[in-house]
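Going by the numbering used here, the residue at position 65 of the sequence shown is 72; the numbering climbs one at a time, nothing skipped. Even for Gly, the Cβ is constructed at its ideal location relative to N, Cα and C. If you're wondering where the values come from, they're calculated on a predicted model, not measured in any experiment.
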Amino acid sequence: MKIVDTFEITGRGLAVATDEITSLPVTAELVAKITCPDGAILSAAAYKEWLLRRQPIVQESEVFLLRGVSKPEVPIGSEIEITTLPKE
């Protein structure tokens with residue numbers, strides 16, 4: 008999936024919006040592997056949430072909250088792969 012937007016939420020982490028909708032569970036801890044345009048690879052804990060935008064029209068999309076990375080580290084256009092944690 009391609010990252011199409013990023014924004015930081017104070018006290019919560021970096022939120023990234025992607026160009027796809029997934030069937031991944033909401034609020035479960037997930038694992039994100041981010042490949043930046045320069046080839047750098049980052050990993051982070053991720054949590055799926057729904058984003059509701061009301062203007063100019065109502066639009067619901069998913070975002071992933073990422074822990075342990077900041078906005079400057081994850082440029083728009085990066086590729087992200089989200090997976091569930093392996094079951095123990």
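Please report the residue range of the beta strand (DSSP E) in which LYS78 lies. That residue, LYS78, is in no beta strand (DSSP E); it is neither H nor E in DSSP.
In DSSP terms, what LEU37 is bridged to: ALA53 and THR91
How long is the line joining the alpha carbons of PRO93 and PRO63, rounded to whole angstroms? 40 Å
Three-state secondary structure (DSSP) at SER68? strand
Measure the alpha-carbon distance for LEU72 versus ASP45 and round it to whole angstroms. 22 Å
Could you tell me which residues DSSP puts in a beta bridge with ILE10? THR25
With 16 other CB atoms within 10 Å as the buried threshold, where does LEU37 fall? buried
Is DSSP giving LEU7 helix, strand or coil here? The requested residue 7 does not occur in the structure, where the chain is confined to residues 8 to 95.
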